[in-house]
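Numbering (my numbering), first residue to last: 1 to 125.
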């Protein structure tokens, strides 16, 4: 199976965007993830996204496929079987623009700039 995985190393923005354009799905099975620009970039390119229900992404992203982070004794884990099922479901789902629409509605750059400007202005009023 390892011959089906490519480790690219660091990519410039143009190379990265080429990979986004050919991606079928995005998978981020993190046990802890803050606000992820990678997830937002995937949404920008309308890539169906699978994330875990850990902190961070789960709290900020809506309308994406989520896989439960499970607890067992003193450990947390993500079921590989459930992750595989979710990945297959995303791959078999009909095409949709909802991921791009989510990006435009919530994360587009001008929205961030407006929110940042409003925050700064509120500090000086």
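Ideal Cβ placement from N, Cα and C applies to all residues, glycine included.
Fair warning: this is a prediction, and the values are worked out from it, not measured in the lab.
Rounded distance between the beta-carbons of residue j and residue i, thought under 8 Å
i, j, result
"residue 66", "residue 55", "Residue 66 to residue 55, Cβ: 13 Å. No contact."
"residue 27", "residue 98", "The Cβ separation is near 18 Å, so there is no contact."
Residue from the options whose Cα sits closest to the Cα of residue i
i, options, result
"residue 57", "30, 74 and 83", "30"
"residue 83", "37, 9 and 51", "51"
"residue 62", "17, 109, 95 and 100", "100"
"residue 107", "5, 124 and 46", "46"
"residue 34", "60, 125 and 89", "60"
"residue 11", "119, 122 and 20", "20"
CB of residue i within 9 Å of CB of residue j, strictly
i, j, result
"residue 25", "residue 104", "no"
"residue 48", "residue 64", "yes"
"residue 8", "residue 15", "yes"
Counterpart residues of residue i in DSSP-defined beta bridges
i, result
"residue 28", "51"
"residue 72", "75"
"residue 66", "51"
- Query: Is the number of C-beta pairs between the segment 40-47 and the segment 73-81 that are closer than 8 Å three or more?
  - Reply: The answer is no - the segment 73-81 does not touch the segment 40-47, with fewer than three Cβ pairs under 8 Å.
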